Amino acid sequence: MKRFAQLYDEIDRTTSTNGKVAALVRYLADAPRDDAAWALFFLTGRRLKRLLPTRLLHEWTLELTGFPEWLVHESYSIVGDFAEAIALLLDGRVEPISSSLLTAAAPPANDGRLPFDDPVPVDEHVADVSLADWIERRIVPLRELTDDERRLRVLVWWTRLPRHELFLLNKLLTGEFRVGVSHTLVVRAVAQLANLPTAVVEHRLMGNWQPSAAAFATLVAPESAADEPSRPYPFCLASPLEEAVDTLGPRDQWLAEWKWDGIRAQLIHRAGQVFLWSRGEELVTNRFPEIRDEASRLPRGTVIDGEVLAFEGGVPRPFADLQRRIGREQRVAEMAVNVPVAFVAYDLLEQDGADIRELPLVERRARLVAMLNALAPPLVLSEELTAPTWDGLAALRSESRARGVEGVMLKRWSSQYRPGRRRGDWWKWKIEPYTIDAVLIYAQPGSGRRASLFTDYTFGVWDHGELVPVAKAYSGLTDAEIDELDRWIRRHTTGRFGPVSQVEPIHVFELGFERIARSTRHRSGIAVRFPRILRWRRDKPASEADTLDALRALVGTASE
Amino acid sequence: MLIEPTDSGLYCEAGRFHIDPWQPVERAVISHAHGDHLRPGSRAYLCSTAAQRLLRHRLGSAATIDAAEYGTTVDVNGVRVSFHPAGHILGSAQIRVECRGEVWVASGDYKRAPDPTCTPFEPQRCHVFVTEATFGLPVFRWDEPAQTVGEICAWWDEMRAAGRPAVLFGYALGKAQRVLAELARCGERPVFVHGALAPLVDLYRDAGVVLPQTRRASETPRGTSFAGELIVAPLSARGTVWMRRFRDHSSAFASGWMRIRGARRRRAYDRGFALSDHADWDALMTTIAETGAERVYVTHGYTQQLARAVSEQGIEATSWRTQYEGEVEDAE
Numbered sequence: 001m002k003r004f005a006q007l008y009d010e011i012d013r014t015t016s017t018n019g020k021v022a023a024l025v026r027y028l029a030d031a032p033r034d035d036a037a038w039a040l041f042f043l044t045g046r047r048l049k050r051l052l053p054t055r056l057l058h059e060w061t062l063e064l065t066g067f068p069e070w071l072v073h074e075s076y077s078i079v080g081d082f083a084e085a086i087a088l089l090l091d092g093r094v095e096p097i098s099s100s101l102l103t104a105a106a107p108p109a110n111d112g113r114l115p116f117d118d119p120v121p122v123d124e125h126v127a128d129v130s131l132a133d134w135i136e137r138r139i140v141p142l143r144e145l146t147d148d149e150r151r152l153r154v155l156v157w158w159t160r161l162p163r164h165e166l167f168l169l170n171k172l173l174t175g176e177f178r179v180g181v182s183h184t185l186v187v188r189a190v191a192q193l194a195n196l197p198t199a200v201v202e203h204r205l206m207g208n209w210q211p212s213a214a215a216f217a218t219l220v221a222p223e224s225a226a227d228e229p230s231r232p233y234p235f236c237l238a239s240p241l242e243e244a245v246d247t248l249g250p251r252d253q254w255l256a257e258w259k260w261d262g263i264r265a266q267l268i269h270r271a272g273q274v275f276l277w278s279r280g281e282e283l284v285t286n287r288f289p290e291i292r293d294e295a296s297r298l299p300r301g302t303v304i305d306g307e308v309l310a311f312e313g314g315v316p317r318p319f320a321d322l323q324r325r326i327g328r329e330q331r332v333a334e335m336a337v338n339v340p341v342a343f344v345a346y347d348l349l350e351q352d353g354a355d356i357r358e359l360p361l362v363e364r365r366a367r368l369v370a371m372l373n374a375l376a377p378p379l380v381l382s383e384e385l386t387a388p389t390w391d392g393l394a395a396l397r398s399e400s401r402a403r404g405v406e407g408v409m410l411k412r413w414s415s416q417y418r419p420g421r422r423r424g425d426w427w428k429w430k431i432e433p434y435t436i437d438a439v440l441i442y443a444q445p446g447s448g449r450r451a452s453l454f455t456d457y458t459f460g461v462w463d464h465g466e467l468v469p470v471a472k473a474y475s476g477l478t479d480a481e482i483d484e485l486d487r488w489i490r491r492h493t494t495g496r497f498g499p500v501s502q503v504e505p506i507h508v509f510e511l512g513f514e515r516i517a518r519s520t521r522h523r524s525g526i527a528v529r530f531p532r533i534l535r536w537r538r539d540k541p542a543s544e545a546d547t548l549d550a551l552r553a554l555v556g557t558a559s560e
Numbered sequence: 561m562l563i564e565p566t567d568s569g570l571y572c573e574a575g576r577f578h579i580d581p582w583q584p585v586e587r588a589v590i591s592h593a594h595g596d597h598l599r600p601g602s603r604a605y606l607c608s609t610a611a612q613r614l615l616r617h618r619l620g621s622a623a624t625i626d627a628a629e630y631g632t633t634v635d636v637n638g639v640r641v642s643f644h645p646a647g648h649i650l651g652s653a654q655i656r657v658e659c660r661g662e663v664w665v666a667s668g669d670y671k672r673a674p675d676p677t678c679t680p681f682e683p684q685r686c687h688v689f690v691t692e693a694t695f696g697l698p699v700f701r702w703d704e705p706a707q708t709v710g711e712i713c714a715w716w717d718e719m720r721a722a723g724r725p726a727v728l729f730g731y732a733l734g735k736a737q738r739v740l741a742e743l744a745r746c747g748e749r750p751v752f753v754h755g756a757l758a759p760l761v762d763l764y765r766d767a768g769v770v771l772p773q774t775r776r777a778s779e780t781p782r783g784t785s786f787a788g789e790l791i792v793a794p795l796s797a798r799g800t801v802w803m804r805r806f807r808d809h810s811s812a813f814a815s816g817w818m819r820i821r822g823a824r825r826r827r828a829y830d831r832g833f834a835l836s837d838h839a840d841w842d843a844l845m846t847t848i849a850e851t852g853a854e855r856v857y858v859t860h861g862y863t864q865q866l867a868r869a870v871s872e873q874g875i876e877a878t879s880w881r882t883q884y885e886g887e888v889e890d891a892e
């Protein structure tokens with residue numbers, strides 16, 4: 001546990017990604033194999049299932065500190081991390097293992113040992129117990145115990161561990177183990193340690209594996225033939241088109257497609273297996289079984305670049321629908337019925353096992369079209385927009401919103417499929433978002449990194465002389481602006497509702513959003529999607545902010 | 561009400577003076593020299609003798625500044641005013657106001673932890689206590705300063721071993737000098753400072769505070785290596801070209817906010833040291849109890865929370881809206 005705490009510190013104490021990877025590599029190289037497996041289990045975002053209700057941790061915190069419940073809730077909200085808040089509340093306020101605490105449940109034994117059967121000897125060096133022992137012999141067994149037995153154990157740990165390790169223990173107990181190291185960095189570290197390509201590590205890390213010394217050994221084993229088939233190609237990325245579209249030259253040199261609002265993905269069928277990779281280098285095959293099943297009908301040795309979309313009756317559904325299917329590995333079957341999806345194919349990268357990325361797009365596209373002719377939804381071809389002139393294409397693009405797409409993609413017919421973002425061959429020609437000017441009316445502290453600052457804002461527009469809330473936005477300001485606004489909010493709070501501060505209605509912000517629709521669930525009668533702050537309108541008094549009528553007019557221009 | 565919040569600041573009508581006003585007034589009684597408590601433009605200022613030179617530095621030679629020793633009573637229009645150490649920064653004072661037997665104390669900013677740069681806080685018995693609440697939540701609880709300073713020294717040692725500059729950010733007035741004074745006790749090595757700190761460091765030295773040898777980083781020859789050196793800088797220096805000379809540095813922030821991990825990570829500091837010049841939760845509660853006050857007003861910070869917690873202990877407590885900022889997370 002101590003070594004793991006040290007790793008945590010090393011990761012936490014550097015803002016450099018190379019420094020974090022180096023710390024991970026050092027730990028994985030010299031930690032016991034089963035500890036390393038557990039560390040990877042947590043660092044890749046996995047959690048111990050159903051250990052104990054967090055309500056119990058909350059109740060024991062109240063019991064040990066004697067603070068009123070509202071004050072403890074305020075503390076959680078300011079810290080933004082339950083496990084950390086408990087550690088901070090208990091710090092220095094709890095006597096080491098007071099006998100009165102224990103006698104309530106069971107009398108202490110004469111020889112000073114703990115009054116329960118602890119499989120790992122507990123002494124002053126409670127932190128010396130290995131991570132694997134902590135988890136397998138102490139924490140996991142909590143599941144089978146009664147609440148009283150759990151209380152006794154957790155209180156003993158809480159009163160014995162120093163603040164820092166207590167924090168880590170709480171992290172393990174609550175399962176919220178975000179440590180400022182991304183999945184990608186963990187993959188990089190393992191790849192570096194084992195001298196493996198990252199895609200191989202990513203593939204090996206996916207799915208359900210039980211942390212153990214053996215699992216770790218498999219993870220870092222040398223590459224074998226079994227690893228090959230899953231490996232994707234680096235994605236080719238487009239740049240935003242900032243110039244006028246006719247600067248691109250003749251229209252007929254370009255393939256035009258809709259810019260779909262989904263998850264960019266690569267679909268692989270090799271050696272009898274299907275793999276679906278998201279652009280975030282995450283394997284998502286099992287979340288989309290209908291895509292997997294249809295893709296198994298593709299010829300072997302095929303790799304297709306495309307987009308996973310929520311798709312119903314030939315029409316794309318909002319991205320939010322798709323989100324409901326991401327991150328839900330459990331209820332896949334049920335979700336597949338509720339949110340049908342499609343894989344919209346853009347490009348063919350590998351055919352009959354041969355890498356064809358250097359062929360011109362016009363050739364790759366022809367082969368893709370021929371291949372998809374033999375297949376059925378949910379594998380569909382991304383439609384080519386055939387408007388023969390730039391003006392015609394611009395007219396189509398203006399329908400983007402109604403069609404539920406983000407704009408138009410332009411790809412040069414002669415282009416190769418090249419890794420990364422290179423300007424010149426691939427452009428995204430997006431539509432402008434809607435904008436309004438709205439007044440800041442409420443603010444709330446953020447969570448996690450932003451917990452001590454007011455970063456969550458609610459904005460209102462005028463309706464009969466009153467400001468009606470219409471949007472919440474969290475992003476779009478610079479750090480300097482956030483800090484300035486935070487200070488202003490602290491001085492100009494006129495009321496509080498729990499963590500929410502009502503502020504003087506003075507500051508106007510230009511908000512951008514992607515969609516607008518009528519809503520019966522919102523007081524304003526309007527729901528906006530993906531609102532974000534475009535700029536702080538210091539030039540505009542609150543009285544000149546937009547009205548609800550103006551927003552209603554925007555709804556009129558948007559179709560369903 | 562002997563003291564009341566107004567649009568200009570806290571006002572004592574009986575004595576016709578303001579306490580730490582945020583608008584220019586006739587007579588301003590000042591707790592300490594931080595910008596949110598000391599604003600220019602008032603006709604006359606009154607402060608503790610220990611704070612007088614800092615006020616002069618901030619307000620310029622034209623300002624009218626009177627001063628009184630800690631514990632000495634001054635008559636202001638028939639009201640008895642005295643300054644008592646607040647332990648916040650050099651010269652910081654609680655302002656005690658007495659009129660017809662009624663005693664109010666306005667704390668300004670204060671702390672109870674030991675600090676080599678200023679006189680320790682002295683609790684004052686009073687009927688009404690006006691307190692800050694910058695860190696008025698129980699998650700704020702400071703370790704012994706010696707321990708935190710030990711962590712700072714360990715970080716410097718680590719950076720020295722790694723051959724990297726260690727840049728420590730803190731308030732230009734107060735925190736920077738406190739850190740320097742603490743470092744003087746754990747080593748002889750000189751420390752580099754940002755130019756904005758230099759005059760304030762001199763003022764502290766003149767006041768008799770023992771500080772290590774300091775050098776301005778900007779006065780070193782071009783190409784000087786700062787590998788293994790400690791540099792103390794104000795928050796305003798972050799992200800400026802001045803920082804470019806400290807290649808591959810490790811950055812740290814000394815502030816009570818660093819108690820919370822998210823606050824440090826959001827600012828992207830490598831290290832955070834929870835060294836604060838404000839009272840933590842326990843110190844706020846202890847101090848309020850020690851004043852024996854039957855009524856408490858809370859001016860800034862987690863005002864609602866502290867007021868509610870104090871009320872639940874049977875002491876009447878209300879939060880006031882003021883423009884004090886306490887320990888903000890960024891530039892002053």
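Listed in order, the protein sequences are those of chains A and B. Numbering-wise (the working numbering), the first sequence opens with residue 1 and increments by one. Numbering-wise (the working numbering), the second sequence opens with residue 561 and increments by one. Glycine included, each C-beta is placed from N, C-alpha and C at the ideal position. No experiment lies behind these values; they were computed from the predicted model shown.
Are residue i and residue j touching if we call contact CB-CB under 8 Å?
i: Q416 of chain A; j: E484 of chain A; result: no
i: H644 of chain B; j: E682 of chain B; result: yes
i: A726 of chain B; j: L790 of chain B; result: yes
i: M719 of chain B; j: G788 of chain B; result: yes
i: I526 of chain A; j: V500 of chain A; result: no
i: M548 of chain B; j: G799 of chain B; result: Residue 548 of chain B falls outside the range modelled here, since chain B spans only 561 to 892, and no answer is possible.
i: D840 of chain B; j: W702 of chain B; result: yes
Does the CB of residue i have a neighbour CB from chain A at under 8 Å?
i: G822 of chain B; result: yes
i: I579 of chain B; result: no
i: V699 of chain B; result: yes
i: D830 of chain B; result: yes
i: R782 of chain B; result: no
i: A869 of chain B; result: yes
i: Q873 of chain B; result: no
When burial is assigned at 16 or more other CB atoms within 10 Å of the CB, is residue i buried or exposed?
i: P395 of chain A; result: Sequence check: residue 395 of chain A is Ala here, not Pro. With fewer than 16 Cβ atoms within 10 Å of its Cβ, A395 of chain A is classed as exposed.
i: W277 of chain A; result: buried
i: Q612 of chain B; result: buried
i: S562 of chain A; result: Beyond the ends of chain A as shown, which are 1 and 560, falls residue 562 of chain A; an answer cannot be given.
i: G784 of chain B; result: Residue 784 of chain B is actually Thr in this sequence, not Gly. Label assigned to T784 of chain B: exposed.
i: D890 of chain B; result: Bear in mind that the predicted position of D890 of chain B carries a pLDDT of just 43, short of 50, making it unreliable; the figure below should be weighed with that in mind. Its Cβ being crowded by 16 or more others within 10 Å, D890 of chain B is buried.
i: D30 of chain A; result: exposed
i: R113 of chain A; result: At R113 of chain A, the pLDDT of 46 sits below 50, so the modelled position is not reliable; the number obtained from the coordinates is stated separately. So R113 of chain A ends up on the exposed side.
i: P561 of chain B; result: In the sequence on display, residue 561 of chain B carries Met and not Pro. Exposed: under 16 other Cβ atoms inside 10 Å.
i: N170 of chain A; result: buried
i: K49 of chain A; result: exposed
Against chain B, does residue i count as a neighbour if the rule is that its beta carbon must be under 8 Å from one of theirs?
i: E84 of chain A; result: yes
i: I441 of chain A; result: no
i: T15 of chain A; result: yes
i: L88 of chain A; result: yes
i: F497 of chain A; result: no
i: P68 of chain A; result: yes
i: E481 of chain A; result: no
i: L71 of chain A; result: yes
Q. Quick check: the segment 531-540 of chain A against the segment 506-514 of chain A, are there 3 or more CB pairs under 8 Å?
A. Judged by pairs of C-beta atoms under 8 Å, the segment 531-540 of chain A touches the segment 506-514 of chain A, as three or more such pairs exist.
Q: Indicate whether the contact test is met: 3 or more Cβ pairs, each with one atom in the segment 416-427 of chain A and one in the segment 470-482 of chain A, closer than 8 Å.
A: No, the segment 416-427 of chain A does not touch the segment 470-482 of chain A.
Q.
I want to know whether the segment 630-640 of chain B touches the segment 572-582 of chain B - three or more CB-CB distances under 8 Å.
A. These segments touch.
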